[in-house]
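Novice: Below is a structure I'd like to ask you about.
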Amino acid sequence: MPYKFTFDLSRVPRYFFTEMARIVYEKRVHKKVGSALKDVIRKFKIHEATGLSLSDAVQLFEDFVDMEVRNLLEREKFRKSKKRALFLPHCSRKHMDNKCKAKFEPSIPSYICAHCSSDCLINQAASIAEKRGYDVYVIPGGSCIYNILKTKNYDGVVGVACGEEVKLAGEALSRANIAGQAVPLLKNGCSNTFFSIKTLEQVL
Ligand code: SF4
Ligand code: SF4
0 MPYKFTFDLS RVPRYFFTEM ARIVYEKRVH KKVGSALKDV IRKFKIHEAT
50 GLSLSDAVQL FEDFVDMEVR NLLEREKFRK SKKRALFLPH CSRKHMDNKC
100 KAKFEPSIPS YICAHCSSDC LINQAASIAE KRGYDVYVIP GGSCIYNILK
150 TKNYDGVVGV ACGEEVKLAG EALSRANIAG QAVPLLKNGC SNTFFSIKTL
200 EQVL
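Letter 40 of the sequence shown, counting from 1, is numbered 39 in numbering that gives the first Met the number 0, and no numbers are missing.
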């Protein structure tokens, strides 16, 4: 797990993220937002809502800002993409044990969701994306993306993951000239993680 702390941002309003991205995008300062970010975190009482220390919150939200800014910058290119894939993290499966009926296919490598639970985030996300023509992968780690991208000619990729994983994947996509859009995990911990289906739908 890349972060040394756990977080759960499911109660933080969506407009907080959008507002952060808008401010830093307009001011072109997303690499130097430390003190401004501290102010907005204090204003929204984010550290109180999440239990994170101020410094952990700043680190986390700097990554969120990077993600949002990158999404904005890549959006137009992504809109024009024709062959798209969605990468979902295996940690958001409802069950992490054999109650999850997904089969792992090492030759891809990806879990293939068996749609066993209607309230499983992976099931919901995969169903929405497949209807929109996306190839869907449920992967156990960021390195799987590289293998998949080598063999498929995607020009648009949406990825759901925590900050560090998104950063690494973003660099790989840039090198391959693939338009990327990221949806952050709002709760990490490598199992029972959470992301917003609504946000994913907007991005797709
Ligand atoms: S819906 Fe899919 S990912 Fe979720 S628990 Fe069932 S098989 Fe696993
Ligand atoms: S995406 Fe999930 S499994 Fe991967 S590091 Fe983040 S929380 Fe852990």
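A virtual CB, placed ideally from N, CA and C, is assigned to each residue, including glycine.
How big is the Cα-Cα spacing for His-94 and Asn-191?
Specialist: Translated into positions along the sequence shown, residue 94 becomes position 95. Translated into positions along the sequence shown, residue 191 becomes position 192. Between His-94 and Asn-191, the C-alpha separation is close to 8 Å.
Novice: What's the gap between the Cα of Lys-102 and the Cα of His-114?
Specialist: The residue labelled residue 102 in the question sits at position 103 within the sequence shown. The residue labelled residue 114 in the question sits at position 115 within the sequence shown. Approximately 11 Å, taken between the alpha carbons.
Novice: What do you reckon, are the CB atoms on Phe-63 and Gly-162 nearer than 9 Å?
Specialist: Against the sequence shown, residue 63 aligns to sequence position 64. Against the sequence shown, residue 162 aligns to sequence position 163. Going by C-beta atoms, Phe-63 is nearer than 9 Å to Gly-162.
Novice: State the Cα-Cα distance for the pair Glu-129 and Asn-122, rounded to the nearest angstrom.
Specialist: The count along the sequence shown starts at 1 and reaches residue 129 at position 130. The count along the sequence shown starts at 1 and reaches residue 122 at position 123. Rounded to the nearest angstrom, the two C-alpha atoms are 10 Å apart.
Novice: Using a threshold of 8 Å, is the CB atom of Glu-75 nearer than that to any non-hydrogen atom of ligand 2?
Specialist: Start at 1 with the first residue of the sequence shown, and residue 75 comes out as number 76. Not under cutoff, so the answer is no.
Novice: Scan the region 30-72 and note each continuous beta strand (DSSP E) run of 3 residues or more that stays entirely inside, going in chain order.
Specialist: Qualifying beta strand (DSSP E) stretches: none in this window.
Novice: Following a CB-centred definition, is Ser-116 positioned closer than 8 Å to any heavy atom of ligand 1?
Specialist: Within the sequence shown, numbered from 1, the residue matching residue 116 stands at position 117. Ser-116: yes, Cβ under 8 Å from ligand 1.
Novice: Alpha carbons only, please: which of Gly-158, Phe-193, Ile-111 and Leu-203 is nearest the one belonging to Met-66?
Specialist: Translated into positions along the sequence shown, residue 66 becomes position 67. Among Gly-158, Phe-193, Ile-111 and Leu-203, the Cα nearest to that of Met-66 belongs to Gly-158.
Novice: Between the beta-carbon of Asp-7 and the beta-carbon of Thr-49, is there less than 9 Å?
Specialist: On the sequence shown, position 8 is the one that residue 7 refers to. On the sequence shown, position 50 is the one that residue 49 refers to. Cβ distance < 9 Å, so Asp-7 and Thr-49 count as in contact.
Novice: Considering only DSSP beta bridges, list what Gln-180 is partnered with.
Specialist: Walking along the sequence shown from the start, residue 180 turns up at place 181. Gln-180 is bridged to Val-157.
Novice: What is the rounded straight-line gap between the Cα of Lys-44 and the Cα of Lys-3?
Specialist: Position 45 of the sequence shown, counted from the first residue, corresponds to residue 44. Position 4 of the sequence shown, counted from the first residue, corresponds to residue 3. Rounded to whole angstroms, Lys-44 to Lys-3 spans 21 Å at the Cα level.
Novice: Excluding the 5 residues flanking Gly-207 on each side, which residues of the same chain have their C-beta closer than 8 Å to its C-beta?
Specialist: An answer regarding residue 207 cannot be provided, because it is not within the stretch 0 to 203 covered by the chain.
Novice: So, Ile-138 versus Asp-154, is the Cβ gap smaller than 9 Å?
Specialist: Looking up residue 138 in the sequence shown gives position 139. Looking up residue 154 in the sequence shown gives position 155. Taking 9 Å as the Cβ cut-off, Ile-138 and Asp-154 do not qualify as a contacting pair.
Novice: On the DSSP letters alone, give me the boundaries of the alpha helix (DSSP H) that Lys-218 sits inside.
Specialist: The requested residue 218 is not part of the displayed model; the chain covers only 0 to 203.
Novice: Is Glu-163 near ligand 2, going by C-beta to nearest heavy atom under 8 Å?
Specialist: Numbered from 1 along the sequence shown, position 164 holds the residue referred to as residue 163. Yes.
Novice: Leaving out five residues before and five after Ala-227 in sequence, what residues of the same chain have Cβ atoms less than 8 Å from its Cβ?
Specialist: This structure does not reach residue 227, given that the chain is present from 0 up to 203, and the question cannot be answered.
Novice: Give me the Cα-Cα distance between Leu-85 and Leu-51, rounded to the nearest whole angstrom.
Specialist: Residue 85 sits at position 86 when you count from the first residue of the sequence shown. Residue 51 sits at position 52 when you count from the first residue of the sequence shown. About 30 Å.
Novice: Could you tell me if the beta carbon of Pro-88 falls within a distance shorter than 8 Å of some heavy atom in ligand 2?
Specialist: Taking the first residue of the sequence shown as position 1, residue 88 is located at position 89. Pro-88 Cβ: within cutoff of ligand 2.
Novice: DSSP on Ser-116, reduced to helix/strand/coil?
Specialist: Mapped onto the sequence shown, residue 116 falls at position 117. The answer is coil: DSSP assigns Ser-116 none of H, G, I, E or B.
Novice: With distances taken Cα to Cα, identify the nearest neighbour of Lys-76 among Gln-180, Tyr-110, Thr-5 and Ser-91.
Specialist: For the purposes of this step, residue 76 is taken as the residue at position 77 of the sequence shown. It is Gln-180 whose Cα lies nearest to the Cα of Lys-76.
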